[in-house]
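Peer 1: Take the sequence shown: its letters are residues 147 to 385, numbered as in our numbering.
We put the beta carbon where it would ideally sit given N, CA and C, even for glycine.
Following this message is one structure expressed as structure tokens.
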Amino acid sequence: MDYLHRGQSNLPDAIWREIDKAAAEAARDRLTGRRFLELQGPFGAGIAGHLENGQPLDLTPAQDAAEAVASREEEFVYRGQPDFRLPGLLTHEGRQQLDGGDWAAVERALGDVLAAVTQLDDAGYRGPYALALAPPLYNGLFRLYPGTDVSQIQHLRHLCTRGIYKAPIDGGVLVDPRVGALVLGQDLRAGYIGQDGVHYQLYLTESIVLRIDEPRAICMISATSSSLRAGITSTPTPS
């Protein structure tokens with residue numbers, strides 16, 4: 147079944163492959179949930195100048211659309227879809243929570259993450275753990291411990307062996323892999339709407355749902371970083 151209506155266009159398969167590839171690459175940089183949640187699927191869903199004259203194919207619109215879809219997926223993973231009563235990692239009523247502090251204090255980040263690890267561990271979730279953080283909190287981890295050449299992120303990676311990610315959230319969230327999975331019906335692909343003789347009108351679509359099996363495998367961390375909000379920064383080092 148040609149649910150993407152590609153057969154109604156005169157675009158060859160090679161062009162569709164280029165569009166799909168560009169969209170996937172543009173989305174990949176923005177997607178964090180897929181990096182630490184189990185991914186199941188996809189299971190299935192239920193240009194003229196380039197073609198005629200060999201002109202370069204402008205894939206920018208497809209990349210822009212893919213970034214928009216990726217941003218929506220991130221929102222869905224972390225905050226869910228209230229209209230459909232689908233919770234996200236940060237909104238599920240069964241999640242665990244930790245009241246963290248101000249990560250402007252160098253030792254506070256490690257202390258809060260250790261406390262979250264202990265909370266999950268006590269509930270029977272022994273990792274490996276993934277940690278997603280708001281941009282100011284993540285960026286602050288590149289500061290060095292006083293008198294050392296060790297950054298906070300290097301230290302925390304020994305605790306969070308499934309990775310530490312910069313995510314579009316407030317605070318942070320620590321996750322054990324038993325939380326559930328991202329289930330793909332159809333991964334990101336381009337479909338055809340129509341053309342006016344010069345321009346092709348396409349769309350990008352995907353179907354995905356976050357299946358939370360064990361919400362107690364989530365620990366949300368309420369934390370801030372006042373120094374970074376005030377514009378105080380330090381030189382990051384590779385980790």
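Looking at the structure shown, is Tyr224 part of a helix, part of a strand, or coil, going by DSSP?
Peer 2: helix
Peer 1: So for Ala276, helix, strand or coil by DSSP?
Peer 2: strand
Peer 1: In the DSSP assignment, find the unbroken alpha helix (DSSP H) run with Leu302 in it and report its ends.
Peer 2: Leu302 -> alpha helix (DSSP H) spans Gln298 to Leu302.
Peer 1: With distances taken between CB atoms, is the gap from Ala280 to Ile315 smaller than 8 Å?
Peer 2: yes
Peer 1: Count the other C-beta atoms from every protein chain shown that fall within 10 angstroms of the C-beta of Asp258, then say buried if there are 16 or more, exposed otherwise.
Peer 2: The residue in question, Asp258, is buried, as its Cβ has 16 or more Cβ neighbours within 10 Å.
Peer 1: Please classify Val344: does DSSP put it in a helix, a strand, or coil?
Peer 2: coil
Peer 1: What are the partner residues of Lys312, as DSSP defines its beta bridges?
Peer 2: Leu279
Peer 1: Give a yes or no on contact between the segment 203–216 and the segment 149–167, applying the rule of three or more CB pairs nearer than 8 Å.
Peer 2: yes
Peer 1: Identify the residues that DSSP records as bridge partners of Tyr338: which are they?
Peer 2: Leu348
Peer 1: Quick check: the Cα distance between Asp359 and Thr264, rounded to an integer number of angstroms?
Peer 2: 21 Å
Peer 1: Please confirm whether Gly187 and Gly309 have their CB atoms less than 8 Å apart.
Peer 2: Cβ distance not < 8 Å, so Gly187 and Gly309 don't count as in contact.
Peer 1: Pick helix, strand or coil for Leu236, following the three-state DSSP scheme.
Peer 2: coil
Peer 1: Under the rule that 16 or more other beta-carbon atoms within 10 Å means buried, what is Arg335, buried or exposed?
Peer 2: buried
Peer 1: Helix, strand or coil for Thr407? Go by DSSP, reduced to three states.
Peer 2: Nothing about residue 407 can be reported from this structure: the residues present for the chain run from 147 to 385 only.
Peer 1: If contacts are defined as beta-carbon pairs under 8 Å, then Ala313 and Ala278 qualify, I think. What distance do you get, rounded to the angstrom?
Peer 2: 4 Å
Peer 1: Excluding the five sequence neighbours on either side, which residues of its own chain have a C-beta within less than 6 Å of the C-beta of Leu232, listed in chain order?
Peer 2: Gly226.
Peer 1: Using the DSSP secondary-structure output, state which residues sit across from Val355 in a beta bridge.
Peer 2: Val329
Peer 1: By the 10 Å Cβ neighbour count, where 16 or more other Cβ atoms means buried, how is Arg357 classified, buried or exposed?
Peer 2: exposed
Peer 1: Rounded to whole angstroms, what is the Cα-Cα separation between Trp249 and Ile299?
Peer 2: 13 Å
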